[in-house]
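Engineer: Right, I'll just put the structure down here and ask away after.
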Amino acid sequence: VCVCVCARARALPAPQPLTYMGPLLFDQDLVPTLAKLAHSKHVNVNELSEILADGKIVAVVRGRQEFGPRALGHRSLLAIPNDSNIKTRLNRLKAREWWRPVAPVVTIEDSKKIFESNPWSPVMSFAATVKPEYREKLAAVVHFDNTARLQTVTKQQNGWLWKLLNAVKRFTGTAMLCNTSFNTKGKPILNRAVEAMQMLCELEDLDYVVIDDMLFDKEAAMRTKPLWGLSKPAKKFGVDDFIRGLELVHV
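Be aware that the sequence shown starts at 1351, since it is given in this note's numbering, and climbs by one per residue.
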């Protein structure tokens, strides 16, 4: 298997980042029908930033799933970090203890002014100390020891997320959002569009779902119920799928 992978990898035109090399939605082919049935609307980063600035919790599903243990903007729950009540709502949504910390995602540019070190943490691997002047302003993501386990984002790594963070900054003063995985207690990170609609209907604290650039609210999600039984079962994600992701994905 290793020989096969290496031989195929050498044939690639250029190396690709591995962050978003997971599978597409298992029911990706249902998404256009869901959007039509729900009368969902297209949303851009400026419009989405206004929704987030209003204190809403938004689940984001974009392209391929993250290849690793962290949700990094393709299967994420996003919210503004400026209100400690947001942490309470996110933890309730995920059926976690109220005190559990929520991680932030921040542009690399703003991370340098918010944190005491200059962390480079594209896969949410490190905790850094938040500067004193930002601790109350970012109450939803600052843990009791004044640290936060951050994800840093550059325009090159994830252009859409980087633009969204900067759009949010117009309202909050920082290019930062809460970022936690789109799942509930005891379940893996979501990878079905139909399941996203079900969660939107069932979870009081989840306000919106965005699949690629289509916005669904609770009323829209309810209209998709006739399709809930049509979602494909999960398939195994093997070497061939990984190589196909290397060949096709563009961050």
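Where a beta carbon is used, it is the ideal one built from N, C-alpha and C, also for glycine.
1) At which residue ranges does the region 1483–1528 contain complete beta strand (DSSP E) runs of 3 or more residues, listed in the order of the chain?
2) Return the Cβ separation of ALA1409 and THR1522 in integer angstroms, given the expectation that the two are a contact with Cβ distance under 8 Å.
3) In this structure, does DSSP put LYS1391 in helix, strand or coil?
4) Within 10 Å of its beta-carbon, does PRO1431 have 16 or more other beta-carbons around it, so buried, or fewer, so exposed?
5) Alpha carbon to alpha carbon, what distance is there between VAL1455 and CYS1616?
6) So ASP1433 and ALA1525 are supposed to be a Cβ contact under 8 Å. How far apart are they, rounded?
7) For SER1467, which residues in the same chain have their Cβ closer than 8 Å to its Cβ, ignoring the five residues on either side in sequence?
8) For MET1547 versus ALA1388, is the C-beta distance shorter than 9 Å?
9) Can you tell which of LYS1535, TRP1510, ASP1495 has its C-alpha closest to the C-alpha of SER1399?
10) From this set, GLY1423, GLU1447, PRO1538, which residue's C-alpha is nearest VAL1473's C-alpha?
Structural biologist: Checking against the coordinates, here is how it stands:
1) Qualifying beta strand (DSSP E) stretches, in chain order: 1497–1503.
2) Along the sequence shown, one-based indexing puts residue 1409 at 59. Along the sequence shown, one-based indexing puts residue 1522 at 172. No, ALA1409 and THR1522 are not in contact; Cβ-Cβ is about 20 Å, not under 8 Å.
3) Along the sequence shown, read from residue 1 onward, the residue named residue 1391 stands at position 41. LYS1391: strand per DSSP, three-state reduction.
4) Residue 1431 sits at position 81 when you count from the first residue of the sequence shown. The residue is buried, with at least 16 neighbouring Cβ atoms inside 10 Å.
5) Residue numbering for the chain in the displayed model covers 1351 to 1601; residue 1616 lies beyond these limits and cannot be assessed.
6) Numbered from 1 along the sequence shown, position 83 holds the residue referred to as residue 1433. Numbered from 1 along the sequence shown, position 175 holds the residue referred to as residue 1525. About 17 Å; that fails the 8 Å criterion.
7) Taking the first residue of the sequence shown as position 1, residue 1467 is located at position 117. So the qualifying residues of the chain are ALA1478, THR1479.
8) The residue given as residue 1547 occupies position 197 in the sequence shown. The residue given as residue 1388 occupies position 38 in the sequence shown. At a Cβ-Cβ threshold of 9 Å, MET1547 and ALA1388 count as neighbours.
9) The residue given as residue 1399 occupies position 49 in the sequence shown. Looking at the Cα atoms, TRP1510 is the closest of the given residues.
10) Working through the sequence shown from its first residue, we reach residue 1473 at position 123. For VAL1473, the nearest C-alpha among the options comes from GLY1423.
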